[in-house]
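Start counting the sequence shown at 17; every next residue gets the next number (this note's numbering).
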Amino acid sequence: MARRQTTPAERSRALNPFRYRGPLKASQDIIDRAAEREQILDLAQGGHSLRMIGPRRYGKTTLLTQLLRDAEKADMATALVDLEDVLSIGDLVVRIERAYANSLKGRMRSAVEALLNTWNVGLSLGGGGFTVRLSSNPPATNDAVLLRLLELPRELHQRTGRQTLVVFDEVQDILAVPGADGKIRSVIQHHEDIASYAFAGSAPGMMDQLFSDPRRPLLEQAVGLELAPLPLDQAAAYIDRRFRATKRRAGPALQPLVEFTRGHPQRTMLLAHFLWKLTPEASTADERTFLAAQNQALGEARGHLRAIFKALKPNEKRVMLALANLPGSPREAANAAAVGLKAGSVAATLEGLRAGADLIDAPTGGRAVITDPLFELWLRRRGLTGLTGATELED
Ligand SMILES: Nc1ncnc2c1ncn2[C@@H]1O[C@H](COP(=O)(O)OP(=O)(O)O)[C@@H](O)[C@H]1O
Ligand SMILES: [Mg+2]
């Protein structure tokens, strides 16, 4: 049968070597993070627990996926529990069940499958699993099933001698389910020699609530790790290499690209993706190609950025606009006045924005910078219009 000819556009789409959605799986796709990867594997194997903080799309799940793979090679049972937008205790049960279903293999999988069968509470690694019980179970039953499922590492350890690594990703979302963090804590604090836990989250303020608040310390001894931006030299070398490998040159576009994205992992890949797309085979990108890629990236992200801006409180909008548009700090009286901020409310607003990871400390220390360089660009293009006195900001 004759094959349909692919058009050049289709071929270039298939070839684009820069992925900017979802966690990366292949280790050759991943820039750096080798030191972090080794450090967290050592902790997990040593039975220590870990809390990892990094803004959204900073590569947390990518790194955790690598950690799980390393732990599997070291003969641990693993589960990566995604807690993003978890709604209820029953939903939490489903998330944990799915995590084991996704990662357990071979003998360990059969052992767990057999165990869940004997419990006879509706848990299963295949088929619909616990979801089918959700609507009919009374809440007390779901609570009991959760406690039982959280004890799975103990049962596994008794039966197979293996330790388990359980990762809770986007763990701050557990705060939306009353009592859930307490239930998790009550079980896992007794798992010292049988399991390690890693907690990853994107909002430092909520992570502090979970871990440092004396009323709800999830794991007091969890070792903290803050995910840093990617090293710019490594990001540049990676982009350069991938352009060359596909018969292109990043050329004079490379420097402005890494300076603009300043190590933000997803933004680096997004910009590189569009730069590559705009660079025909056998040619070299330049500053103009970079600006065009920047515009395309902004176009792609615009809806999302607008929604993020809308969700900010009025004073947060003012501070973000000041940071993006005015030289110097919003703490300076003239800058505060220019965006209609009362001098007394600047410090608290900055703190709130840091707690939500909208701002991070500049790598050079001191001053806060906007975490997402594309959001900063969007805020700059938006400008300071519509900012008068204390009136509500409209987009
Ligand atoms: N170490 C890395 N090297 C290259 N790109 C990365 C790296 N980490 C993250 N990314 C980019 O960021 C995107 C989001 O990564 P992800 O792990 O899902 O972030 P998070 O879990 O923090 O939201 C990936 O699709 C990829 O484009
Ligand atoms: Mg993630």
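Glycine included, every Cβ here is placed at the ideal spot set by N, Cα and C.
Applying the criterion that 16 or more other CB atoms from any shown protein chain within 10 Å of the CB defines a buried residue, is residue i buried or exposed?
| i | result |
| --- | --- |
| Leu103 | exposed |
| Ala309 | buried |
| Asn136 | exposed |
| Glu303 | exposed |
| Gln44 | exposed |
| Val97 | buried |
| Lys76 | buried |
| Lys41 | exposed |
| Gly148 | The amino acid occupying residue 148 in the given sequence is Val; Gly does not appear at that position. Burial call: exposed. |
| Thr380 | exposed |
| Thr407 | Bear in mind that a pLDDT of 47 at Thr407, under 50, signals an unreliable position, so the number given afterwards is only what the model happens to contain. That one is exposed. |
| Asn427 | There is simply no residue 427 to check, as the chain begins at 17 and stops at 411 in what is shown. |
| Gly145 | buried |
Using only the heavy atoms of ligand 2, determine whether one of them is closer than 6 Å to the beta carbon of residue i.
| i | result |
| --- | --- |
| Phe262 | Looking at the sequence provided, one finds Thr at residue 262 rather than Phe. No, the beta carbon of Thr262 sits no closer than 6 Å to any heavy atom of ligand 2. |
| Lys76 | yes |
Based on Cα-Cα distance, which residue from the options lies nearest to residue i?
| i | options | result |
| --- | --- | --- |
| Asp86 | Gln55, Glu100, Gly70 | Gln55 |
| Asn351 | Val335, Leu366, Ala363 | Val335 |
| Asp241 | Asp229, Ser218, Arg257, Gly142 | First, the amino acid is wrong: residue 241 is Leu here, not Asp. Out of Asp229, Ser218, Arg257, Gly142, Ser218 has the C-alpha closest to the C-alpha of Leu241. |
| Gly62 | Tyr254, Ile210, Ala359 | Ile210 |
| Val128 | Asp189, Pro155, Ala95, Asn153 | Ala95 |
| Leu31 | Pro39, Arg264, Ile47 | Arg264 |
| Leu270 | Thr262, Arg257, Gln282 | Arg257 |
| Glu100 | Pro33, Val187, Ile255, Asp224 | Val187 |
| Phe215 | Tyr254, Leu165, Ser152, Ile69 | Ile69 |
| Gln82 | Glu52, Pro71, His64, Arg72 | Glu52 |
| Leu162 | Lys199, Gln225, Leu390, Thr387 | Lys199 |
| Gln205 | Leu395, Val183, Leu234 | Leu234 |
| Leu307 | Ala298, Leu294, Ala317, Ala252 | Leu294 |
| Ala384 | Pro247, Leu339, Asp229 | Leu339 |
| Met222 | Leu369, Glu392, Leu390 | Leu369 |
May I ask you to report which of helix, strand or coil DSSP gives residue i?
| i | result |
| --- | --- |
| Gly145 | coil |
| Ala406 | Unreliable positioning characterises Ala406 in this predicted model, as indicated by a pLDDT of 45, which lies under 50. The coordinate reading is nonetheless provided below. Correct three-state label for Ala406: coil. |
| Leu395 | helix |
| Val193 | coil |
| Leu375 | strand |
| Ile47 | coil |
| Arg73 | coil |
| Leu31 | helix |
| Ala93 | strand |
| Leu66 | strand |
| Met17 | Residue confidence is low: Met17 scores 46 on pLDDT, short of 50, so the model does not pin down where it sits. Its coordinate-derived value is still stated next. It is coil, neither helix nor strand. |
| Thr380 | coil |
| Tyr36 | coil |
| Asp98 | strand |
| Thr262 | coil |
| Thr300 | strand |
| Leu79 | helix |
| Asp224 | helix |
| Ala42 | coil |
| Gly344 | coil |
| Gly138 | coil |
| Pro245 | coil |
Could you tell me whether any non-hydrogen atom of ligand 1 is closer than 6 Å to the CB of residue i?
| i | result |
| --- | --- |
| Lys199 | no |
| Met285 | yes |
| Pro220 | no |
| Ile324 | no |
| Leu234 | no |
| Gly38 | yes |
| Gln61 | no |
| Gln82 | no |
| Pro281 | yes |
| Arg114 | no |
| Ile376 | no |
| Arg85 | no |
| Arg258 | no |
| Arg49 | yes |
| Ile105 | no |
| Ile255 | no |
| Arg73 | yes |
What are the boundary residues of the beta strand (DSSP E) that includes residue i?
| i | result |
| --- | --- |
| Thr180 | 180-185 |
| Leu241 | 239-242 |
| Gly217 | 211-217 |
| Ala350 | Counting along the chain, Ala350 falls outside any beta strand (DSSP E), though it belongs to the alpha helix (DSSP H) covering 349-354. |
In the DSSP assignment, find the alpha helix (DSSP H) that holds residue i and state where it starts and stops.
| i | result |
| --- | --- |
| Ala117 | 105-119 |
| Val385 | That residue, Val385, is in no alpha helix (DSSP H); its beta strand (DSSP E) goes 384-386. |
| Ser126 | 122-135 |
| Val335 | 330-341 |
| Thr284 | 281-293 |
| Arg304 | 303-327 |
| His173 | 168-176 |
| Glu236 | It is not in any alpha helix (DSSP H) - Glu236 carries neither H nor E in the DSSP assignment. |
| Gln205 | Careful: Gln205 lies outside any alpha helix (DSSP H) and carries neither H nor E. |
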